[in-house]
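Numbering (the numbering used here), first residue to last: 118 to 478.
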């Protein structure tokens, strides 16, 4: 018994020594980051480099040989990067709130906690905050693997001049939250998309409950905390924040339920070698116009990763097309493609090139 106690004490001492070494190294790293950012500022370069910070996280995960999982390593380095950046220049990020909505979780995943996270009530308000320079960046949902396009986001991309400078792919796990027993639930509150993504589960387990659409999952959780017989579909973080019980976890019908968020701002990320480009175009309203436009991508051997049609406001049977392809707009193939598309389209807007990402929890 004495030997075991001594071993424990020795291990604790080694841990404390290592902690002090880590603190010293963190301090040294922070000083170097500050010097680098001040040098960038003096040269007129952006202090926040979306691609560079994403590459830091990728390298950290790639070099991880410890027992810590990828999620833990990402979280440690994300907050290290976020905190170091904040010492030189605070960053303000607008998102569809309130706190603990999925947009809020995506903003934390991309920017960390050491930024000013500014919740707004509507997706259009995120765009307004960025366009008026009230926020450095905004984060908006653009596509869900179950329900497809996010209409409000595509509408704003068509209306306002913003750039997509990054993305977050977040695995979405819906949870049934309330303060009562499942048998006592009379209403279920959530965003329309969340209700849709859980419709089969709700039909099977709560067939008599009325579903009520809300502006956000977090608002739904807040209401469920206040109203007897009400439940919400929202995140585990929302449950903790509003003091709700998780009655059923991971109730999404699609187990590979992913929402892709676009980071919007005025930055043009550099090439990383693993990029995608988003653009929007309008074609003549005549037979074969879309086929002619698509042929341009095939001819230049560019792989399309997303194509979405969107009805144009104030017109009859006319559409905008949102397209993503693999590659950066600075690459020769992309330049040839964009030049050729200009001859086939009525309007074309390059929305941005940015590094590709993988889905994260």
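Quick reminder that beta carbons are idealized off the backbone N, C-alpha and C, glycines included.
{"query": "Host beta strand (DSSP E) of residue 393 (start-end)", "result": "392–399"}
{"query": "Whole-angstrom distance between residue 242 and residue 203, CA atom to CA atom", "result": "24 Å"}
{"query": "CB-CB length for residue 471 against residue 283, believed under 8 Å", "result": "5 Å"}
{"query": "Start-to-end residues for the beta strand (DSSP E) that takes in residue 425", "result": "421–428"}
{"query": "Under the three-state DSSP convention, the category residue 278 falls into", "result": "coil"}
{"query": "Contact between the region 381–395 and the region 332–341 (3+ Cβ pairs under 8 Å)", "result": "no"}
{"query": "4-residue-minimum alpha helix (DSSP H) runs that sit fully inside the region 151–191, ordered along the chain", "result": "167–180"}
{"query": "Classification of residue 449 by the beta-carbon crowding that lies within 10 angstroms, buried from 16 upward", "result": "exposed"}
{"query": "Same chain, Cβ closer than 6 Å to residue 291, five either side skipped, listed in chain order", "result": "311, 315, 350, 368, 369"}
{"query": "Buried versus exposed, by CB contacts within 10 Å (16 or more), residue 410", "result": "buried"}
{"query": "Proximal residues to residue 307 (C-beta, below 7 Å), its chain only, five neighbours per side dropped", "result": "331, 334, 337, 349, 350, 351"}
{"query": "Runs of beta strand (DSSP E) lying entirely within the region 224–272, each at least 3 residues, in chain order", "result": "233–237, 254–261"}
{"query": "Residue span of the alpha helix (DSSP H) that contains residue 359, given as start and end", "result": "353–359"}
{"query": "Beta-bridge partners of residue 349, as assigned by DSSP", "result": "294, 306"}
{"query": "Residues near residue 286 in its chain [Cβ-Cβ closer than 6 Å; skip 5 each side]", "result": "375, 377, 474, 476"}
{"query": "Where residue 143 falls, given that 16 or more other Cβ within 10 Å makes a residue buried", "result": "exposed"}
{"query": "Beta-ladder partner(s) of residue 439, from DSSP", "result": "397, 425"}
{"query": "DSSP-derived helix/strand/coil call for residue 389", "result": "coil"}
{"query": "Simplified DSSP assignment, three categories, for residue 118", "result": "Residue confidence is low: residue 118 scores 48 on pLDDT, short of 50, so the model does not pin down where it sits. Its coordinate-derived value is still stated next. Residue 118: coil per DSSP, three-state reduction."}
{"query": "Alpha-carbon spacing of residue 255 relative to residue 197, whole angstroms", "result": "21 Å"}
{"query": "Per-residue DSSP class, three states only, for residue 219", "result": "helix"}
{"query": "Run of the beta strand (DSSP E) containing residue 474, from where it starts to where it stops", "result": "Run containing residue 474: none; DSSP gives neither H nor E here."}
{"query": "Distance CB(residue 201)-CB(residue 147) smaller than 7 Å", "result": "yes"}
{"query": "Same chain, Cβ closer than 8 Å to residue 233, neighbours up to 5 away in sequence not counted", "result": "207, 208, 209, 210"}
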